[in-house]
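Structure first, commentary second.
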Amino acid sequence: MTCENRLCIYWSKDSCTLREVQLDSMGSCTDCIPVSLPEEFLEKKRTELIQELDRRWEEMKRKG
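Be aware that the sequence shown starts at 6, since it is given in the working numbering, and climbs by one per residue.
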């Protein structure tokens, strides 16, 4: 089954690794177990991503 929840422990290469899943009335998987990431790690990655997006934006403006 295709899955977009990269923060679930059952996610692998855009697919769910479970044989069967149960969905709730909103269409969310009831078997999902989210990966817990430390806030320090998330903050570092957010900062890195913003810096990368800024770099790409500046590069696009130069090519304009």
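From the three backbone atoms N, C-alpha and C, an ideal C-beta is built for every residue, glycine too. These numbers come from a predicted model, not from an experiment.
query                                                                                                                      : result
Between L42, R11, T7, which has its C-alpha nearest S20's C-alpha?                                                         : T7
Which value, in whole angstroms, describes the spacing of the CA atoms of Y15 and F46?                                     : 21 Å
According to DSSP, is L42 helix, strand or coil?                                                                           : coil
Quick test of your reading: I23 and D36, contact by CB under 8 Å. State the CB separation rounded to the nearest angstrom. : According to the sequence shown, residue 23 is Leu rather than Ile. Their Cβ separation, rounded to whole angstroms, is 6 Å, which keeps L23 and D36 in contact under 8 Å.
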